[in-house]
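Structure, as structure tokens:
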DNA sequence: GGGGCTCCTCAGCCCGCCTTCAGGGTGGGG
DNA sequence: CCCCACCCTGAAGGCGGGCTGAGGAGCCCC
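Protein chains in written order, with the working numbering: chain A, 1 to 224; chain V, 1 to 224.
See the structure below:
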């Protein structure tokens, strides 16, 4: 099992390396984000331990860049902070687990083994409909090679359509699944968001993937 | 994506709800098994997070009851215990995955997304009569490989004919099934719609699949 | 505090769908 | 052969579902 530790703090890095080696890991250490990013792309590590606070490029950036580069090695983020921000941010950037400093060596190893056990699954759950791609976990979306920036709501609506591609989805259903059930506003909101989506994922590309099924709802199609 | 969290511990429930909402889920919370069971049957959730230790009815019971009630929503069981017993028991009762407390939010979300990914898409119930195909749920219709665009009413009338293919269906019957029972308008409306249908599904293809049975009604035939 | 962004509301408009209606065609029984 | 019931057909109008643009409230970050 080969692990890459990206950690700028010398003492911690050395301690991690020693401990992991004692547990049978083959350990490489990178001391800053740029180096870590490079190594992670060059070598097929089984898992990466990534500190958040790094000189130059921080852990989130490294993580995101790796995923953008189609590197799906499981990543465990180390963070000194404890805020919720880190947690959600880590998820957004595609990390697989995270650990708050200080942590026990045993816990770290347990988490790493858990990640390894899960094996390849870090692979993104990208859903494709024609050349429209959606990564619900990463909250990202593409038409072909062009990335499309969507807001949270837009993405949720599109996610629901994509997950039911080819089927008719009623406005009521979208409302129930994407909005909270205590939403008492204008159901017209669904039409509005469909319009937003069409403006972003269809019209600029001359497509018509979100069909209106009058009286029933909407249907997402491949639209070759 | 709509998720039901069944968890009696207030703090954990609130934290789960907040976290999941931050990840774009629409979250409902039930604080005991009975409430959870009821909600899960009333609302079409995409996934259910179910604690084992619940007042009144425990997670296993809820799970079993749901499956007995033909509710197939993916269920992820939360357990404080660590025994293998729980795992096999959970799977026996029809749960889809389980997670041992304490767990990281990231892991929970990853597991939920995995469940959603697995979620089986609704199977298409396509009815065929000769080379005429109808997908009532998808609101679509084909003659051979050619898709035919039908309005809601047209499709409803055709659906009734297709479901009784080969039999004579009276106009009164069509009226009662396709229109509201209290429809007091001109029964001629049925003739009008049969005409519309013939213009779309028969005439362009040189077919005559909707036969008139004078004095009785209409009959849909294969019309090889 | 202000600018930008996201989310939501609202009202007006337009087109397509549903329905009605009247007139013409057709077939069967006397 | 004639008549009447039954069915077909074309046109027209009203209505409602869906679309659209503008704008305001809340939020976050600078």
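Ideal Cβ placement from N, Cα and C applies to all residues, glycine included.
Values in this document were obtained by computation on a predicted structure and should not be read as measured data.
What residue does the beta strand (DSSP E) around residue 218 of chain A start on, and which one ends it?
Here the question's residue 218 of chain A lines up with position 218 in the first chain. Per DSSP, residue 218 of chain A is one residue of the beta strand (DSSP E) stretching across 217 to 220.
Residue-chain proximity (residue 176 of chain A, chain V), Cβ-Cβ < 9 Å
Residue mapping note: residue 176 of chain A aligns to position 176 of the first chain, counting from 1. Put simply, the CB of residue 176 of chain A is near chain V, with a gap under 9 Å to one of its CB atoms.
Residue 142 of chain A: first and last residue of the uninterrupted beta strand (DSSP E) it sits in
The residue labelled residue 142 of chain A in the question sits at position 142 within the first chain. Unbroken beta strand (DSSP E) run through residue 142 of chain A: 140 to 143.
Could you tell me the distance, in whole angstroms, from the CA atom of residue 209 of chain A to the CA atom of residue 132 of chain A?
By one-based count along the first chain, residue 209 of chain A stands at place 209. By one-based count along the first chain, residue 132 of chain A stands at place 132. When rounded, the separation of the alpha-carbon atoms in residue 209 of chain A and residue 132 of chain A is 9 Å.
What's the gap between the Cα of residue 217 of chain A and the Cα of residue 2 of chain A?
What you label residue 217 of chain A is simply residue 217 of the first chain in a count that begins at 1. What you label residue 2 of chain A is simply residue 2 of the first chain in a count that begins at 1. Cα-Cα distance, rounded: 51 Å.
DSSP three-state assignment for residue 195 of chain V, whether helix, strand or coil:
As a working mapping, residue 195 of chain V is identified with position 195 in the second chain. Three-state DSSP puts residue 195 of chain V in a helix.
Nearest CA to the CA of residue 35 of chain V: which residue from V:159, V:56, V:21 and V:45?
For the purposes of this step, residue 35 of chain V is taken as residue 35 along the second chain, with counting starting at 1. Between residue 35 of chain V and the set V:159, V:56, V:21 and V:45, the nearest pair of CA atoms involves V:56.
Which two residues bound the contiguous beta strand (DSSP E) that contains residue 2 of chain A?
Within the first chain, residue 2 of chain A is the residue found at index 2, counting from 1. Note, residue 2 of chain A: beta strand (DSSP E), 2 to 6.
Distance, residue 184 of chain V Cα to residue 171 of chain V Cα:
Your numbering for residue 171 of chain V matches position 171 in the second chain. Your numbering for residue 184 of chain V matches position 184 in the second chain. Approximately 14 Å between the Cα atoms of the pair.
Strictly by DSSP, which residues pair up with residue 30 of chain A?
Here the question's residue 30 of chain A lines up with position 30 in the first chain. Answer is A:6, bridged to residue 30 of chain A.
Which residues of chain V have a Cβ atom closer than 8 Å to the Cβ of residue 214 of chain A, listed in chain order?
For the purposes of this step, residue 214 of chain A is taken as residue 214 along the first chain, with counting starting at 1. Residues of chain V passing the Cβ test: 151 and 152.
Out of A:213, A:45 and A:9, point me to the one whose CA is closest to residue 152 of chain V's CA.
Working through the second chain from its first residue, we reach residue 152 of chain V at position 152. Among A:213, A:45 and A:9, the Cα nearest to that of residue 152 of chain V belongs to A:213.
Using the beta-carbon count (16 or more within 10 Å), is residue 110 of chain A buried or exposed?
Position 110 of the first chain, counted from the start, is the residue given in the question as residue 110 of chain A. A residue is called buried once 16 or more other Cβ atoms fall within 10 Å of its Cβ, and residue 110 of chain A, having fewer, is exposed.
In angstroms with no decimal places, state the Cα-to-Cα distance between residue 73 of chain A and residue 64 of chain A.
Here residue 73 of chain A is taken as the residue at index 73 of the first chain, counted from 1. Here residue 64 of chain A is taken as the residue at index 64 of the first chain, counted from 1. Distance between residue 73 of chain A and residue 64 of chain A, taken at the CA atoms: about 12 Å.
Spatially closest choice to residue 8 of chain A from A:21, A:78, A:19 and A:47, by CA coordinates
Working through the first chain from its first residue, we reach residue 8 of chain A at position 8. Of the candidates A:21, A:78, A:19 and A:47, the one whose C-alpha sits nearest the C-alpha of residue 8 of chain A is A:78.
If you scan the region 128 to 193 of chain V from start to end, which runs of the beta strand (DSSP E) of 3 or more residues do you find wholly inside it?
Correct list: 132 to 135, 140 to 143 and 146 to 148.
So, using beta-carbon positions, are residue 127 of chain A and residue 163 of chain A closer together than 9 Å?
Counting from 1 along the first chain, the entry for residue 127 of chain A is found at position 127. Counting from 1 along the first chain, the entry for residue 163 of chain A is found at position 163. Yes, the Cβ-Cβ distance between residue 127 of chain A and residue 163 of chain A is below 9 Å.
Can you have a look at residue 145 of chain V and say buried or exposed, based on whether 16 or more other CB atoms are within 10 angstroms of its CB?
Numbered from 1 along the second chain, position 145 holds the residue referred to as residue 145 of chain V. So residue 145 of chain V ends up on the exposed side.
Give the range of the alpha helix (DSSP H) segment to which residue 50 of chain A is assigned.
The residue labelled residue 50 of chain A in the question sits at position 50 within the first chain. Residue 50 of chain A -> not in any alpha helix (DSSP H); beta strand (DSSP E) instead, spanning 47 to 51.
So, using beta-carbon positions, are residue 220 of chain A and residue 112 of chain A closer together than 9 Å?
Residue mapping note: residue 220 of chain A aligns to position 220 of the first chain, counting from 1. Residue mapping note: residue 112 of chain A aligns to position 112 of the first chain, counting from 1. Contact flag unset, no.
Pair within 9 Å by beta-carbon distance, residue 143 of chain V and residue 205 of chain V:
Against the second chain, residue 143 of chain V aligns to sequence position 143. Against the second chain, residue 205 of chain V aligns to sequence position 205. Yes, the pair counts as a contact, with Cβ atoms nearer than the cut-off.
Any chance the CB of residue 178 of chain V is under 8 Å from a heavy atom of the ligand SAH?
Only the bare structure without any ligand can be found here, which leaves the ligand SAH out of the picture.
Candidates A:16, A:44, A:24 and A:23: which alpha carbon is nearest residue 31 of chain A's?
As a position in the first chain, residue 31 of chain A is number 31, starting the count at 1. It is A:16.
From which residue to which residue does the alpha helix (DSSP H) around residue 62 of chain V run?
For this step, residue 62 of chain V is matched to residue 62 along the second chain. It spans 59 to 68 - the alpha helix (DSSP H) in which residue 62 of chain V sits, taken as one unbroken run.
So, residue 160 of chain A versus residue 148 of chain A, is the Cβ gap smaller than 9 Å?
Translated into positions along the first chain, residue 160 of chain A becomes position 160. Translated into positions along the first chain, residue 148 of chain A becomes position 148. Cβ distance not < 9 Å, so residue 160 of chain A and residue 148 of chain A don't count as in contact.
Beta-carbon within less than 8 Å of residue 41 of chain A's beta-carbon, same chain only, minus the 5 sequence neighbours each way: which residues are those?
Indexing the first chain from 1 puts residue 41 of chain A at position 41. Only residues of its own chain outside the window of five on either side were considered, and among them 66, 69 and 71 have a CB closer than 8 Å to the CB of residue 41 of chain A, listed in chain order.
Looking at the structure shown, is residue 54 of chain V part of a helix, part of a strand, or coil, going by DSSP?
Within the second chain, numbered from 1, the residue matching residue 54 of chain V stands at position 54. If DSSP states are grouped into helix, strand and coil, residue 54 of chain V belongs with coil.
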